[in-house]
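J.: I'd like to ask you about the structure that follows.
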Amino acid sequence: MMIYTLVLVVYLGILAAIGIVMSRRSRNAGDFALGGRSVGPWVTALSFVAAYYSSVVIIGGGAFGWKFGLATLWVGAGNVLIGTTLAWIVLGRRIRRFTENLDAMTLPGFFAGRYGSAEARIFSAAVTALFLIIYNVSVLKGMANTFEVLMDLPYWSGVVISGVVILFYTAVGGYLAVVWTSFVQALVMIAALILLTYMSLQKVGGMTALVDRLNTIDPGLVNTPGVWGWAGLFSFTMIVSLGTWGMPQLLVRFYSIKNDKMLRLGTVIVTIGASVAMLPYLTGAVARVLVPEIDSPDQAIPALTALVLNDWGGALFLAGVVAAGMSTFAGVLIIISSSMVRDVWINGLGRQLTPAAELKANRIMSVAVGVISLLIALRPPALVLVLTAFSWAVIASTNLWPLLFGLYWKRTSPRATLWSMILGVTAALVWQAWPRIAWLPELPTGVAGIHGFVVGTTVGLVVIVVGTLVGRPAPAKNITQAWTGATGIDS
Amino acid sequence: MAPFHLPWSTFAAFLVLGATIALALIWAAIDKVRSGSDPKEGAE
Numbered sequence: 012m013m014i015y016t017l018v019l020v021v022y023l024g025i026l027a028a029i030g031i032v033m034s035r036r037s038r039n040a041g042d043f044a045l046g047g048r049s050v051g052p053w054v055t056a057l058s059f060v061a062a063y064y065s066s067v068v069i070i071g072g073g074a075f076g077w078k079f080g081l082a083t084l085w086v087g088a089g090n091v092l093i094g095t096t097l098a099w100i101v102l103g104r105r106i107r108r109f110t111e112n113l114d115a116m117t118l119p120g121f122f123a124g125r126y127g128s129a130e131a132r133i134f135s136a137a138v139t140a141l142f143l144i145i146y147n148v149s150v151l152k153g154m155a156n157t158f159e160v161l162m163d164l165p166y167w168s169g170v171v172i173s174g175v176v177i178l179f180y181t182a183v184g185g186y187l188a189v190v191w192t193s194f195v196q197a198l199v200m201i202a203a204l205i206l207l208t209y210m211s212l213q214k215v216g217g218m219t220a221l222v223d224r225l226n227t228i229d230p231g232l233v234n235t236p237g238v239w240g241w242a243g244l245f246s247f248t249m250i251v252s253l254g255t256w257g258m259p260q261l262l263v264r265f266y267s268i269k270n271d272k273m274l275r276l277g278t279v280i281v282t283i284g285a286s287v288a289m290l291p292y293l294t295g296a297v298a299r300v301l302v303p304e305i306d307s308p309d310q311a312i313p314a315l316t317a318l319v320l321n322d323w324g325g326a327l328f329l330a331g332v333v334a335a336g337m338s339t340f341a342g343v344l345i346i347i348s349s350s351m352v353r354d355v356w357i358n359g360l361g362r363q364l365t366p367a368a369e370l371k372a373n374r375i376m377s378v379a380v381g382v383i384s385l386l387i388a389l390r391p392p393a394l395v396l397v398l399t400a401f402s403w404a405v406i407a408s409t410n411l412w413p414l415l416f417g418l419y420w421k422r423t424s425p426r427a428t429l430w431s432m433i434l435g436v437t438a439a440l441v442w443q444a445w446p447r448i449a450w451l452p453e454l455p456t457g458v459a460g461i462h463g464f465v466v467g468t469t470v471g472l473v474v475i476v477v478g479t480l481v482g483r484p485a486p487a488k489n490i491t492q493a494w495t496g497a498t499g500i501d502s
Numbered sequence: 002m003a004p005f006h007l008p009w010s011t012f013a014a015f016l017v018l019g020a021t022i023a024l025a026l027i028w029a030a031i032d033k034v035r036s037g038s039d040p041k042e043g044a045e
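Sequence lines, in order, name chains W and D. Using this note's numbering, you'd call the opening residue of the first sequence number 12 and step up by one each time. Using this note's numbering, you'd call the opening residue of the second sequence number 2 and step up by one each time.
Printed below as a string of structure tokens:
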């Protein structure tokens with residue numbers, strides 16, 4: 012216990028120190044929300060990895076590996092190919108240039124500038140803020156559960172310890188503190204995952220022995236799609252991979268990178284860093300062999316850690332899980348606060364703020380949103396727990412197509428964009444609620460395994476394409492402003 | 002049978018990972034060559 016406490020105190024102290032140092036470089040709202048668009052490729056790339064893989068992915072990914080076996084490696088491969096490398100190649104450069112041309116600091120701000128649509132700005136800001144708070148609750152819960160299992164601390168103290176430290180460095184240091192702490196957190200998380208994987212594979216006798224032993228338990232734990240089935244495997248892979256294309260806390264990394272040129276090195280670094288996505292699923296499968304008797308699959312990774320790592324290794328792993336959660340929580344906090352202040356308060360309600368007042372408002376908003384998430388996470392209501400399971404689906408259904416089409420199809424209609432958001436979200440929510448509504452007919456097996464994300468994004472895609480073909484494009488001045496200076500990538 | 006006694010359908014996930022790293026490297030190289038003709042590259 013002493014070792015765990017020591018490692019955590021040192022680690023949390025380093026994060027708080029980064030927040031204090033970065034507070035000197037956070038002089039206005041642009042610095043607070045985007046770090047003055049001055050972040051280099053290493054920090055951008057590794058902070059993307061840290062924000063992408065939360066504690067939910069590490070603990071939850073391990074749970075999936077334990078439950079469904081090695082077919083879940085495809086989820087990790089999808090995270091790297093679709094969720095990371097293709098996102099950087101397809102979205103990175105255009106987002107960097109367009110947001111600068113439009114002077115947009117947030118994703119709703121991009122929609123307003125690109126489409127000239129105040130409604131799209133408000134709808135996107137409202138849905139994103141609400142469901143990111145819910146997502147944050149699940150992240151805090153994941154961290155607190157890890158504290159509970161590995162340090163024997165009560166649940167509430169895990170929530171408070173991690174929540175307070177994050178709130179401090181985010182409110183004080185803004186975006187620069189978030190990306191620099193995320194950079195450190197990514198290194199800790201990657202080291203922890205590699206250590207756990209190496210030690211657990213050694214314990215089980217190597218990769219071939221793992222496959223043979225899983226085969227004896229159930230061949231479905233080795234084959235693809237195996238015991239999960241295609242509907243579940245495909246849906247889940249898409250939501251946690253393609254879903255990133257609509258997640259503002261990840262896309263903001265493209266706004267803030269110093270220049271286009273740095274996206275090139277960033278893409279290589281982020282691809283290699285993101286490759287650790289395979290490891291939670293692999294170690295989850297190892298846990299199925301080494302710790303088969305557990306109460307719930309969520310205990311697979313903590314139980315495996317306790318079995319194969321000594322105290323120092325366990326402390327490093329705990330720091331890694333906490334790091335993953337903190338970086339995600341902090342990234343989300345910045346997005347919600349800047350979006351609420353700029354998109355809702357200033358542009359939506361038409362209130363004027365001086366640069367100093369906007370910076371102060373951002374700080375206050377980040378603390379307020381953080382405290383709300385923290386209070387909900389202390390005793391999450393049942394509805395919130397249900398909603399956390401598809402907060403990604405709802406946010407991605409709102410933002411994915413309006414962003415992608417806004418970057419690549421000049422003609423995209425603002426009205427079609429708004430309806431794509433509204434109907435995409437509605438379809439995702441209705442699909443997820445379907446099995447819980449008694450009077451609706453039961454969905455056929457196979458179809459029922461499809462996640463609301465697939466349904467929501469399919470509906471959103473159809474609406475935006477058909478609506479654009481029959482509707483009117485955005486005002487010419489908005490299109491010209493977005494594309495101005497986009498030489499070499501103009502479509 | 003693929004390496005480690007895995008079926009190819011599962012082992013292919015590792016191949017996709019390797020191909021993704023290769024894709025990132027090739028894209029970066031092509032982009033560097035192509036950017037030579039773009040005067041706005043890195044101008045911000």
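For each residue, glycine too, the CB sits at the ideal point set by N, CA and C.
At the 9 Å Cβ level, is T96 of chain W part of the contact set with chain D, yes or no?
T.: Output row for T96 of chain W: interface = yes.
J.: Are there 16 or more other CB atoms within 10 angstroms of the CB of N321 of chain W, so buried, or fewer, so exposed?
T.: It is exposed - the Cβ of N321 of chain W has fewer than 16 other Cβ atoms within 10 Å.
J.: Between the stretch 254-275 of chain W and chain D, which residues of the former have CB atoms less than 9 Å from a CB of the latter, in chain order?
T.: Residues passing the 9 Å Cβ filter: K269, N270, D271, K272, M273, L274, R275.
J.: If contacts are defined as beta-carbon pairs under 8 Å, then L81 of chain W and A296 of chain W qualify, I think. What distance do you get, rounded to the angstrom?
T.: Rounded, the Cβ-Cβ distance is 5 Å, consistent with contact.
J.: So is T409 of chain W buried or exposed if we call it buried at 16+ other beta carbons inside 10 Å?
T.: It counts as buried.
J.: Does DSSP put I305 of chain W in a helix, in a strand, or in coil?
T.: Looking at I305 of chain W - three-state DSSP - the assignment turns out to be coil, as it is neither helix nor strand.
J.: If we require 4 or more residues per run, which alpha helix (DSSP H) segments fall completely within the stretch 22-83 of chain W?
T.: Listed in chain order, they are 40-45, 52-63, 66-79.
J.: Within a Cβ cutoff of 8 Å, which residues of the same chain sit near N358 of chain W, ignoring the five residues on either side of it in sequence?
T.: Excluding sequence neighbours, N358 of chain W sits near G120, A123, A129, R132.
J.: Any idea what DSSP makes of E45 of chain D, helix, strand or coil?
T.: Low local confidence applies: a pLDDT of 38 at E45 of chain D is under 50, so the model's placement there is unreliable, with the coordinate-based value given in what follows. Here E45 of chain D sits in coil by DSSP.
J.: Whose C-beta lies closer than 6 Å to the C-beta of I500 of chain W among residues of the same chain, with five residues either side of it excluded?
T.: Any reading at I500 of chain W is ruled out, since the residue's pLDDT is 47, under 50, leaving its predicted position unreliable.
J.: Please tell me whether W85 of chain W has its Cβ less than 9 Å away from any Cβ of chain D.
T.: Chain D, which has a Cβ nearer than 9 Å to the Cβ of W85 of chain W, makes this yes.
J.: Please go through the stretch 226-253 of chain W and give each complete beta strand (DSSP E) segment of 3 or more residues, from N-terminal end onward.
T.: Whole beta strand (DSSP E) segments, 3+ residues: zero.
J.: Check the Cβ of I22 of chain D against every Cβ in chain W and list those closer than 9 Å, keeping chain order.
T.: Here the neighbours are V91, T96, V279, T282, I283, S286.
J.: Thinking C-alpha only, which one of D:A20, D:P4, D:K33 is nearest I283 of chain W?
T.: It is D:A20 whose Cα lies nearest to the Cα of I283 of chain W.
J.: In this structure, does DSSP put I144 of chain W in helix, strand or coil?
T.: Three-state result, I144 of chain W: helix.
J.: Can you grab the Cα-Cα spacing for the pair Y15 of chain W / W323 of chain W, in whole Å?
T.: Cα to Cα, Y15 of chain W sits roughly 7 Å from W323 of chain W.
J.: With a 10 Å radius around its C-beta and 16 neighbouring C-beta atoms as the bar for buried, classify E42 of chain D as buried or exposed.
T.: With a pLDDT of only 48 at E42 of chain D, under 50, the local geometry of the prediction cannot be trusted, and the value read off the model is given with reservation. Buried.
J.: For I461 of chain W, name the three-state secondary structure that DSSP assigns.
T.: Note: I461 of chain W maps to coil in three-state DSSP.
J.: Is it right to say M249 of chain W is buried, meaning 16 or more other beta carbons lie within 10 angstroms of its own, or is it exposed?
T.: So M249 of chain W ends up on the buried side.
J.: Rounding to the nearest angstrom, what Cα-Cα distance links F12 of chain D and A3 of chain D in this structure?
T.: So the alpha carbons of these two residues sit roughly 7 Å apart.
J.: When you compare each of W:V378, W:I69, W:V18, W:V101 to R275 of chain W by their alpha carbons, which one comes out closest?
T.: Selected option, being the one with the closest Cα: W:V101.
J.: To which residues of the same chain is T498 of chain W closer than 7 Å at the C-beta, ignoring the five residues directly before and after it?
T.: For T498 of chain W, the predicted structure reports a pLDDT of 44, less than 50, and the residue's modelled location is therefore unreliable. A value from the coordinates is still provided. Hits under 7 Å: none found.
J.: Going by DSSP, which residues form a beta bridge with I268 of chain W?
T.: I268 of chain W pairs with W:V50.
J.: Would you identify the three-state DSSP class for F401 of chain W, choosing helix, strand or coil?
T.: Correct three-state label for F401 of chain W: coil.
J.: Classify G361 of chain W: buried if its beta carbon has 16 or more other beta carbons within 10 angstroms, exposed otherwise.
T.: So G361 of chain W ends up on the exposed side.
J.: Hey, could you find the ends of the alpha helix (DSSP H) A367 of chain W is sitting in?
T.: 366-389 is the extent of the alpha helix (DSSP H) around A367 of chain W.
J.: Taking Cβ to Cβ, would you say L418 of chain W is nearer than 9 Å to I25 of chain W?
T.: Their beta carbons are not under 9 Å apart, which means L418 of chain W does not touch I25 of chain W by this criterion.
J.: Closest Cβ-Cβ distance between A88 of chain W and chain D: below 9 Å?
T.: Yes, A88 of chain W lies at the interface with chain D (some Cβ there is under 9 Å from its Cβ).
J.: Taking G471 of chain W and L440 of chain W to be in contact with their CB atoms under 8 Å, please state how far apart those CB atoms are, rounded to whole angstroms.
T.: Not a contact, Cβ separation roughly 13 Å.
J.: How do the stretch 158-171 of chain W and the stretch 444-463 of chain W stand: do at least 3 beta-carbon pairs fall below 8 Å, yes or no?
T.: Judged by Cβ distances under 8 Å, the stretch 158-171 of chain W makes no contact with the stretch 444-463 of chain W, as fewer than three pairs qualify.
J.: Can you tell me whether N489 of chain W is helix, strand or coil according to DSSP?
T.: Of the three classes helix, strand and coil, the one that applies to N489 of chain W here is helix, per DSSP.
J.: I want to see whether chain D comes within less than 9 Å of M289 of chain W, judged by CB atoms only; does it?
T.: Closer than 9 Å to some Cβ of chain D, the Cβ of M289 of chain W qualifies, so yes.
J.: Looking at chain D, which residues of the stretch 62-83 of chain W have a Cβ within less than 8 Å of any of its Cβ atoms?
T.: Listed in sequence order: L81, A82.
J.: Which residues, taken in chain order from the stretch 220-237 of chain W, show a beta carbon closer than 7 Å to some beta carbon of chain D?
T.: Taking 7 Å as the Cβ-Cβ cut-off against chain D, the residues of the stretch 220-237 of chain W that qualify are V222, D223, V233, N234, T235.
J.: Answer yes or no: does any C-beta atom of chain D fall closer than 9 Å to that of V99 of chain W?
T.: The residue asked about is misnamed: residue 99 of chain W is Trp in this sequence, not Val. Chain D, which has a Cβ nearer than 9 Å to the Cβ of W99 of chain W, makes this yes.
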